[in-house]
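Below: one structure, written as structure tokens.
Residue numbers (UniProt numbering): 1 to 97.
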């Protein structure tokens, strides 16, 4: 039989984690592109410098680099936030956190 005594505490922590991740922000700036992510790895804002639009190929490459860097930084911020809330030490799992 499962022990349910700690379930309420766990659900409370999960709710706090979700709220904290939605509210967190990570801004990443490329050469012509600036992206803002939340802790859920959602892009909240994209800014493109007008001079970046002169060479679409370079703009696309800058966007890809900036996006990938943003995902990495957002995952790192999420991992730190989860550890702060739960006290758990989360191992590095590529592609997860």
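Virtual Cβ for every residue (Gly too), placed ideally from N, Cα, C. Given the structure is predicted, the values throughout are model-derived calculations rather than measurements.
Report the option in 52, 33, 50, 49 whose CA atom is closest to the CA atom of residue 43.
Of the listed residues, the one whose Cα sits closest to residue 43 is 33.
Quick check: residue 41 and residue 65, are their CB atoms within less than 8 Å of each other?
No.
Tell me, please, which residues DSSP counts as bridged to residue 21.
DSSP lists no partner for residue 21.
Go ahead and label residue 21 buried or exposed: buried means 16 or more other beta carbons lie within 10 angstroms of its beta carbon, across all protein chains shown.
Classification for residue 21: buried.
Taking its Cβ as the centre, do 16 or more other Cβ atoms sit within 10 Å of residue 1, making it buried, or is it exposed?
With a pLDDT of only 46 at residue 1, under the threshold of 50, the placement of this residue in the model should not be trusted; the figure read from the coordinates follows. Counting Cβ neighbours within 10 Å, residue 1 comes out exposed, since fewer than 16 surround it.
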